[in-house]
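Here the sequence shown stands for residues 4 to 325, numbered as in the working numbering. Beta carbons are placed, not taken as given, at the ideal position from N, Cα and C, and that holds for glycine.
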Amino acid sequence: QSNLPKELSEKYMITKKIGVGVCGEVKLAFERATCKKVALKTINKKDFPASVGTATRSAEREIQILQKIDHPCLIKTKDFFQTDDSYYIFLELMEGGELFDRVKSKQQIKEPIAKLYFYQMLKAVEYLHNNGIIHRDLKPENVLLSSHDDVCVIKITDFNQSKILEESALMRTLCGTPTYLAPEVFTDAVTVGYSRAVDAWSLGVVLFVCLAGYPPFYPDARIGLSVSDQITQGIYTFIPSKWDGISDDAKDVVKKLLRVDPNVRLTIEEALQHPWLMDEAMKETAEGIMYPKDSRDADGTADSGDATVASTGKRSREDEEE
Ligand SMILES: N=C(N)N/N=C1\CCCc2cc(NC(=O)c3cc4cccc([N+](=O)[O-])c4[nH]3)ccc21
């Protein structure tokens, strides 16, 4: 901790490493004033895309996204420091660690639990898309679990690859009178704007891995086909020994998310309407842990019932309208 910023060391005590990410690491920290446990993610600036220019821009964009997003299934930053070579991001503790390790240790996640996690991922990505953000790097390593229990809140993290959808020149062009506009501008326009479909595909792969314990696309899955060929041709196998106990509805969601053509691939909201997710008990459990009724604050007093019920009711209505 030698070159930590002074104000950081004054505010937090950094202790052991709790997770080793592909870029940087995660440590357990204590806020000195409250003794509350927090997670510290250190990101080395050199880990951002090559040239310094884009590195700082992409890093600043990510930090901007991290500080702007507000959803129970998206990681929330609690504090932020930076030095010449690193970013120090303080986050809520996610003691269940990465979904990647949970799937590895359990081989397969039980279908009802996989559905609970998948529903939360859909709600988180629905929020991102409604706010013009595409994650573009959804994978089990970037899904964190709040506890070691099966029933727990999941939070999506790592917005390094994410993209903010801006009003494009093409959108402005299509608003004007197209007197002199070439036909291909209209035909090309049809396919633009499907970039959010990449997140739906990735969630399909994550769901496949959670349910079956192996990925749909991997080297030697199909002799003579590279992983990218398997993906571009949408070739994967439901190995019977792994999929026999899994419902047809679950398989149907996976099939419709792993459609090669983004124009026909299930969107996030279509996935939320799929019969597999039409499970009131699961949704009740999910909403209950995502929006806990008596979230106790520092002095342990619960929020007044009516206020939280109202806010919970309001939130879920808003959530539906989102
Ligand atoms: N790379 C990038 N540009 N942005 N990445 C980011 C953006 C900043 C937030 C962020 C957080 C994490 N990860 C955790 O928080 C975390 C992992 C983990 C493992 C075990 C236990 C706990 N825990 O008990 O808390 C854990 N917390 C990984 C990547 C990123």
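Exposed or buried, T235, counting other C-beta atoms within 10 Å across all chains shown (16 or more means buried)?
exposed
Segment limits, beta strand (DSSP E) that includes Q85:
80–85
For K17, which of helix, strand or coil comes out of DSSP?
The question names Lys, but residue 17 in the sequence shown is Ile. In the structure shown, I17 sits in a strand (DSSP, three-state: E or B).
Using only alpha-carbon positions, find the residue among V154, V188, M16 that is nearest to M285.
V154
Output yes or no for whether 8 Å exceeds the beta carbon distance between I78 and L94.
yes
Please confirm if the region 211–222 is in contact with the region 245–262, defined as three or more CB-CB distances below 8 Å between the two stretches.
yes
Host alpha helix (DSSP H) of K39 (start-end):
Not the alpha helix (DSSP H): K39 falls in the beta strand (DSSP E), residues 39–47.
Nearest-angstrom Cβ-Cβ length linking A192 and P265, presumed shorter than 8 Å:
Between P265 and A192 the Cβ distance is about 15 Å, and since that is not below 8 Å, they are no contact.
For my contact list, H151 and E98 are in at a C-beta cut-off of 8 Å; report their separation, rounded to the angstrom.
7 Å
Quick check on E283: does DSSP put it in helix, strand or coil?
helix
Per DSSP, G291 forms a beta bridge with which residues?
For G291, which the question treats as bridged, DSSP gives no partner whatsoever.
N- and C-terminal bounds of the alpha helix (DSSP H) containing A32
No alpha helix (DSSP H) holds A32; the beta strand (DSSP E) holding it covers 28–34.
Taking 7 Å as the line, does the beta carbon of K166 fall inside it for any heavy atom of ligand 1?
Not under cutoff, so the answer is no.
Taking the alpha-carbon positions, what's the N145 to I116 distance?
18 Å
Which listed residue (D140, I292, N133, Y239) has its alpha carbon closest to that of L168:
N133
With distances taken from CA atoms, which of E65, Q67, K81, I68 is nearest L43?
K81
Which residues mark the beginning and the end of the alpha helix (DSSP H) in which L119 is found?
114–133
Measuring straight from C-alpha to C-alpha, what distance separates K49 and D87?
10 Å
Taking all protein chains shown into account, decide if F121 is buried (16 or more other Cβ within 10 angstroms of its Cβ) or exposed.
buried
May I ask whether a heavy atom of ligand 1 can be found less than 7 Å away from the beta carbon of A399?
Since the displayed the chain opens at 4 and closes at 325, residue 399 lies outside it and no answer follows.
Cβ neighbour criterion (16 or more within 10 Å) applied to A32
buried
Which of the three DSSP states, helix, strand or coil, is assigned to F93?
strand
Whose C-beta lies closer than 8 Å to the C-beta of A215 among residues of the same chain, with five residues either side of it excluded?
Q111, F241, I242, K245, W246, I249
Ignore the nearest five residues each way along the sequence and tell me which others in G237's own chain have a CB closer than 8 Å to its CB.
Cβ within range, chain order: L261, R262, V263.
Expressed to the nearest angstrom, what Euclidean distance is found between the alpha-carbon atoms of E13 and K142?
35 Å
Would you say the beta carbon of V106 is closer than 7 Å to some non-hydrogen atom of ligand 1?
no
Locate the alpha helix (DSSP H) running through V201, then write down its first and last residues.
200–215
Near ligand 1: D161 beta-carbon under 7 Å from a heavy atom
D161: yes, Cβ under 7 Å from ligand 1.
Could you say which of K71, T270, P8, T160 lies nearest to S198 if we only look at CA atoms?
T270
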